[in-house]
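Residue numbers (my numbering): 87 to 349.
Report on one structure; see the data block that follows.
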């Protein structure tokens, strides 16, 4: 899954693809490099990010969704949003998957998914982007995430949404310390008990910078690519079905060799 942020303030590529022509060109490049899914987002979810209203987020994403869906019919377009109205407009424009980092916290999201018969990603996080990294504490981070998934899947079922319509994302970097994130990757296979595809988004995240450079001297996003590839390959070996990445070509090549070695 290639990441396409059409935002001015995302942590890694903010401002690079916030013009529709630049965004569509980037989508075409990622598709050519091997991305069968492209995740388009119009609101930064980095720690400390300010919220964006529905109309502004719609203005950013819908023209890009429509253009990418039209020009790349063989690629699945995902809309990265927690707002039901943005999801509805993006699905109407050609998106086929909703990547909801709030896991259906918008009361209307379940209705939108039901009406469009659209699959979705349920992601775990604690708090919102402004507060989620304020000293997150868990007795057992894996148990907490598993309990969250059970509750969200039960909520979805109560709203008529089939369990098989969902992918699960443990939410690396969303209300977790470096130690929590490493634990999630080490024990990722435990989430296979849900019988649903796992999505992992480790690409260029701060925990990689801290694991490589130290808690007080983390590597900047531009220097996290090698660590991102290591995390992606580890996640694939632990059963992840979807890897959300910035550098599609590097990830696709690394996965191709990994699969050849795995037989």
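Cβ coordinates follow ideal geometry from the N, Cα and C atoms, glycine included.
Next item on the list: Taking only the alpha-carbon atoms, compute the straight-line gap between residue 106 and residue 89 and give it to the nearest angstrom.
Entry: Counting from 1 along the chain shown, the entry for residue 106 is found at position 20. Counting from 1 along the chain shown, the entry for residue 89 is found at position 3. The straight-line gap from Cα to Cα measures roughly 15 Å.
Next item on the list: Tell me, to the nearest whole angstrom, how far the beta carbon of residue 298 is from that of residue 322; I am working on the premise that it is less than 8 Å.
Entry: Your numbering for residue 298 matches position 212 in the chain shown. Your numbering for residue 322 matches position 236 in the chain shown. Contact flag wrong, Cβ pair sits at about 20 Å.
Next item on the list: Check residue 100 in the structure and name its three-state DSSP category.
Entry: Position 14 of the chain shown, counted from the start, is the residue given in the question as residue 100. Low confidence applies to residue 100: its pLDDT is 48, below 50, so where it sits in the model is not reliable, and the reading given next is rough at best. Three-state result, residue 100: coil.
Checklist line | Span separating the alpha-carbon of residue 125 from that of residue 303 | finding: Your numbering for residue 125 matches position 39 in the chain shown. Your numbering for residue 303 matches position 217 in the chain shown. Their Cα atoms are separated by approximately 30 Å.
Notebook entry, point to check: Should the segment 254-265 be regarded as contacting the segment 278-294, the criterion being three or more beta carbon pairs within less than 8 Å?
Noted result: yes
Notebook entry, point to check: residue 90 lies in the beta strand (DSSP E); which residues open and close that run?
Noted result: Your numbering for residue 90 matches position 4 in the chain shown. Start and end: 88-91.
Item checked: residue 135 - DSSP class collapsed to helix/strand/coil -> As a first step, residue 135 is located in the chain shown; it is residue number 49 there, counting from the start. Residue state, collapsed to three classes: coil.
Next item on the list: Within the same chain, show all residues whose beta-carbon is closer than 7 Å to that of residue 315, passing over the 5 residues directly before and after it, in chain order.
Entry: The residue given as residue 315 occupies position 229 in the chain shown. Excluding sequence neighbours, residue 315 sits near 336, 337 and 340.
Margin query: Below 8 Å on the Cβ atoms is my contact criterion, and I expect residue 289 with residue 330 to pass it. Report the Cβ-Cβ distance as a whole number of Å.
Written below: Indexing the chain shown from 1 puts residue 289 at position 203. Indexing the chain shown from 1 puts residue 330 at position 244. Correct: roughly 6 Å between the Cβ atoms.
Check: Going along the chain, which residues of its own chain have a beta-carbon closer than 8 Å to the beta-carbon of residue 270, five neighbours each way excluded?
Finding: Mapped onto the chain shown, residue 270 falls at position 184. Counting only Cβ-Cβ distances below 8 Å, and skipping sequence neighbours, we find 227, 228, 231, 256, 258 and 262.
Notebook entry, point to check: Tell me the DSSP bridge mates of residue 184?
Noted result: By one-based count along the chain shown, residue 184 stands at place 98. Paired residue(s): 165 and 206.
Checklist line | First through last residue of the beta strand (DSSP E) which encompasses residue 127 | finding: The residue labelled residue 127 in the question sits at position 41 within the chain shown. Start and end: 123-127.
Margin query: Can you give me the C-alpha to C-alpha distance between residue 273 and residue 221, rounded to a whole angstrom?
Written below: For the purposes of this step, residue 273 is taken as the residue at position 187 of the chain shown. For the purposes of this step, residue 221 is taken as the residue at position 135 of the chain shown. The alpha-carbon atoms of residue 273 and residue 221 are separated by roughly 22 Å.
Check: Out of curiosity, what's the CA-to-CA distance linking residue 249 and residue 234?
Finding: Translated into positions along the chain shown, residue 249 becomes position 163. Translated into positions along the chain shown, residue 234 becomes position 148. Spanning the two alpha carbons is a distance of roughly 14 Å.
Item checked: Cβ-Cβ distance between residue 242 and residue 196 below 8 Å -> Position 156 of the chain shown holds residue 242. Position 110 of the chain shown holds residue 196. The answer is yes: Cβ separation under 8 Å.
Note to self: I need the straight-line Cα distance from residue 130 to residue 201, nearest angstrom please.
What the structure shows: Locating residue 130 in the chain shown gives position 44, where the first residue counts as 1. Locating residue 201 in the chain shown gives position 115, where the first residue counts as 1. Cα to Cα, residue 130 sits roughly 27 Å from residue 201.
Checklist line | Reference residue 154; option with closest CA among 189, 122 and 247 | finding: Taking the first residue of the chain shown as position 1, residue 154 is located at position 68. If we check each option's Cα against that of residue 154, 122 comes out closest.
Notebook entry, point to check: Should residue 93 and residue 134 be called a contact, given that it needs their Cβ atoms to be closer than 8 Å?
Noted result: Taking the first residue of the chain shown as position 1, residue 93 is located at position 7. Taking the first residue of the chain shown as position 1, residue 134 is located at position 48. It is not a contact, given that the beta carbons lie outside the stated cut-off.
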